[in-house]
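According to this note's numbering, the stretch in the sequence shown is residues 2 to 491, in order. Report on one structure; see the data block that follows.
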Amino acid sequence: MSQGTLPAQGEELARGLKNRHLQLIAIGGAIGTGLFMGSGKMISVTGPAVIFVYMIIGFMIFFVMRALGELLLSNLHYKTFGDIAKDMIGPWAGFFVSWTYWFSWIVACVADIVAITGYVSYFNAGIPHWMPALIAALALTLLNLQPVKYFGEVEFWFAFIKIVAILGLIATGIVMVVIGFQNPDTGTTASLSHLWDHGGMFPFGLSGFILGFQMGIFSFIGVELVGTASAETQNPRKTLPKAINSIVVRILLFYVGALAIIMSITPWDKIDPNASPFVTTLAYAGFGIAALAINLVVLTSAASSANSGLYSGTRMLFGLSKDGHAPTQFSHATSRGVPRNAALFTCVFLFAAVPLLLLGNSVSAAFTFVSSVCATLVLFTWGSIVVSFIIYRRRFPERHAASKFKMPFAAVTPWMVLVFFVFIAATLLYGEDTRLPFLATPVWFAILAVLWQLRKRRLLREGRPLTAPIPVVRHPLDEDDDVIGMEGRR
């Protein structure tokens with residue numbers, strides 16, 4: 002198979018993503034919609050300490066991604082972290098991780114569709130809510146039935162829009178601080194001293210700081226998408242390390258930089274928690290269309306999140322089917338490398354947003370609860386990556402030693418991250434809004450446990466392996482693996 006050719010129907014997926022696609026997908030995954038719309042509320046309950054919250058979370062997520070990067074590059078036959086979990090922890094772990102991640106994204110995608118209708122209402126309140134939901138669901142379905150290069154191109158431009166918006170705010174804010182801008186609402190002068198002049202950087206003490214972690218962790222959901230996308234990327238040995246290593250810089254620039262500028266222009270205790278601080282800051286600068294621009298950015302951000310979720314969920318379902326953990330119909334790819342059946346089945350759930358919007362507030366409240374449960378499940382996904390790495394390092398020390406993309410301080414950092422996740426779980430129990438959803442998550446795992454036993458018994462009864470075997474590499478730089486990366490096969 003020559004470079005750039007596509008697999009035959011029913012074979013595998015195509016490596017159709019380029020370096021620029023993967024880099025921007027990584028950036029888009031690290032910039033959540035919550036940064037634009039939810040940062041005002043987070044500032045109001047945490048104060049300037051929000052900067053340290055994002056720095057610490059970003060620091061820990063970086064190590065999760067480094068672990069994922071080394072694992073993926075240790076064997077290019079890994080398609081997702083579900084494959085890694087089944088190979089390192091066991092077949093049951095691959096089943097749990099893959100279905101949990103698929104379910105989380107399904108619900109998150111429906112939430113994004115609901116959110117899109119709200120942003121459309123800003124432009125025209127007279128449009129029935131079901132109409133933009135239906136149009137968005139159809140558009141996303143059609144997009145996910147195209148070859149992966151089109152997904153990469155759309156995500157490239159979605160991420161580019163978010164980057165331009167944040168860099169524009171930072172550049173504008175720096176000018177306002179330099180010239181000593183006078184805030185017409187608060188009567189204060191723009192200055193970096195606002196970060197510590199209004200009750201210090203920790204105005205709410207330890208409790209406010211902890212609450213910031215409970216809210217901030219969800220801003221990073223989707224950062225792991227770069228690992229899924231790398232399986233369809235040309236030359237992942239070069240592109241994946243670049244994408245992962247830039248995570249720290251992106252967080253410092255987009256989260257810490259933007260929020261520091263916002264609180265320098267408007268003291269944190271004067272920021273409206275119910276409004277986007279991005280809109281307010283740009284409005285102060287004299288940009289009358291700031292609200293329009295930011296709402297467009299958030300609209301594309303929600304669409305980007307839903308698109309990424311569908312892509313990732315489809316690949317998880319494709320992998321589950323290959324393992325015999327989902328119906329075999331989902332394991333087929335078209336001649337253009339598209340897992341069409343898996344994509345159609347996953348996209349069907351998008352249309353649940355239409356009746357949800359028609360049924361009213363009671364259903365929306367229930368959905369908000371389920372969404373919080375699914376958001377909590379991201380800790381399980383990230384934790385599975387770290388646990389898989391610990392097992393990998395013990396089982397294959399020669400692979401770790403030969404890796405050109407080693408996890409930094411590999412003997413210590415995985416355990417440090419796991420302890421941090423336990424801390425995050427404690428903050429979820431501490432917060433009133435997240436306590437009940439967090440306590441409800443065992444119900445999902447109980448359902449999975451029953452389904453796994455049923456699937457396991459069926460596979461054993463039919464004389465089939467509990468998972469599809471993953472080819473074993475002799476060396477992280479195995480010649481066969483390099484051929485896979487060059488020829489675009491998987």
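Cβ atoms here follow ideal geometry from the backbone N, Cα and C, with glycine treated the same way.
- Go through the segment 295-329 residue by residue and report every complete run of the beta strand (DSSP E) that reaches 3 residues or more, in order. The segment 295-329 contains no whole beta strand (DSSP E) run of 3 or more residues.
- Express the C-alpha separation of M177 and A343 in angstroms, rounding to a whole number. So the two alpha carbons sit approximately 50 angstroms from each other.
- Task: Using the Cα positions of P185 and V111, report the straight-line distance between them to the nearest angstrom.
- Result: In a straight line, the C-alpha of P185 is about 40 angstroms away from that of V111.
**Prompt:** With DSSP run on the structure shown, which of helix, strand or coil describes E463?
**Reply:** Coil at E463, not helix or strand.
Which of helix, strand or coil DSSP assigns to T187 | DSSP places T187 in coil when its eight states are reduced to three.
So Q215 is in the alpha helix (DSSP H); what residue range does that whole segment cover?
Start and end: G206 to G217.
Suppose you measure from the CA of I252 to the CA of L321; what does that come to, to the nearest Å? Our two residues, I252 and L321, have alpha carbons roughly 32 angstroms apart in a direct line.
### Query
How big is the Cα-Cα spacing for F397 and K457?
A direct Cα-to-Cα measurement between F397 and K457 gives close to 27 angstroms.
Note down, in chain order, each residue of its chain lying with its Cβ closer than 8 angstroms to the Cβ of V355, except the 5 sequence neighbours on either side. Excluding sequence neighbours, V355 sits near W131, A134, L135 and A138.
Any contact of the segment 221-229 with the segment 373-392, i.e. 3+ C-beta pairs under 8 angstroms?
At 8 angstroms Cβ cutoff, the stretches touch.
Of all the options V388, E399 and F406, which has the alpha carbon lying nearest to the alpha carbon of Q415?
The sequence given here has Pro at residue 415, not Gln. When each option's Cα is compared against that of P415, the closest is V388.
Taking the continuous alpha helix (DSSP H) assigned at I392, which residues delimit it?
-> I392 -> alpha helix (DSSP H) spans V379 to R396.
Segment contact flag, the segment 310-320 with the segment 90-103, C-beta cutoff 8 angstroms, min 3 pairs: Of all C-beta pairs linking the segment 310-320 to the segment 90-103, three or more are shorter than 8 angstroms, placing the two stretches in contact.
### Query
Can you name, in chain order, every residue of its own chain whose Cβ lies under 7 angstroms from the Cβ of I57, other than the five neighbours on each side?
So the list is empty, once near-sequence residues are dropped.
*asked:* With a threshold of 7 angstroms on Cβ separation, who are the neighbours of P438 within its own chain once the five nearest residues in sequence on each side are excluded?
replied: Non-local C-beta neighbours of P438 in its own chain, meaning closer than 7 angstroms and more than five positions away in sequence, comprise F370, S373, V374 and T377, ordered along the chain.
Quick check on T234: does DSSP put it in helix, strand or coil? T234: strand per DSSP, three-state reduction.
Euclidean distance between Cα positions of I448 and A441: Cα-Cα distance, rounded: 12 angstroms.
For L357, which of V46, A94 and D113 has the nearest alpha-carbon?
Comparing Cα-Cα distances from L357 to each of V46, A94 and D113, the minimum goes to D113.
Checklist line | Distance between F205 and M264 (C-alpha atoms, nearest Å) | finding: Cα to Cα, M264 sits roughly 16 angstroms from F205.
Checklist entry - With C-beta atoms as the reference, is Q215 less than 8 angstroms away from G432? => result Yes, Cβ-Cβ distance for Q215 and G432 is below 8 angstroms.
| message | Quick check: the segment 158-178 against the segment 294-310, are at least 3 beta-carbon pairs closer than 8 angstroms? | response | Yes, the segment 294-310 touches the segment 158-178.
On a CA-only basis, which of N308, L193 and L212 is nearest G258? Give me that one, please. Comparing Cα positions, the closest option is L193.
Exposed unless 16 or more other CB atoms sit within 10 angstroms - verdict on L207
When all chains shown are included, L207 counts as exposed.
> Using the C-alpha atoms, what's the distance from I391 back to I90?
Replying inline: Computed Cα separation, rounded: 10 angstroms.
Given a cut-off of 8 angstroms on the beta-carbon distance, is the pair K323 and S336 in contact?
Their beta carbons are not under 8 angstroms apart, which means K323 does not touch S336 by this criterion.
Same chain, Cβ closer than 8 angstroms to I425, five either side skipped, listed in chain order
Counting only Cβ-Cβ distances below 8 angstroms, and skipping sequence neighbours, we find F214, Q215, I218 and L380.
From this set, A286, W197, G200 and P340, which residue's C-alpha is nearest I171's C-alpha?
A check of alpha carbon separations from I171 across A286, W197, G200 and P340 identifies A286 as the nearest.
* Leaving out the 5 sequence neighbours to the left and right, which residues in its chain are closer than 7 angstroms to P274 when beta-carbon positions are compared? -> The beta carbon of P274 lies closer than 7 angstroms to those of G41, K42 and S45 in the same chain, with the five residues before and after it left out.
**Q.** Run of the alpha helix (DSSP H) containing H195, from where it starts to where it stops
**A.** Looking at the DSSP string, the run of the alpha helix (DSSP H) that includes H195 is H195 to D198.
message = Only counting the same chain, and skipping five residues up and downstream in sequence, which positions put a Cβ closer than 7 angstroms to that of A94?
response = For A94, where only same-chain residues beyond five positions count, the Cβ hits under 7 angstroms are A86, K87 and S385.
task: With DSSP collapsed to three states, give me the class of Q454.
output: If DSSP states are grouped into helix, strand and coil, Q454 belongs with the helices.
If you follow the alpha helix (DSSP H) that R341 is in, where does it begin and where does it stop?
For R341, the enclosing alpha helix (DSSP H) stretches over residues R341 to V349.
* Nearest neighbour of T329, chosen from Y256, V423, T468 and F406 [CA to CA] -> Looking at the Cα atoms, T468 is the closest of the given residues.
Would you tell me roughly how many angstroms separate the C-alpha atoms of F346 and V149, rounded to the nearest one? Those two C-alpha atoms are separated by around 17 angstroms.
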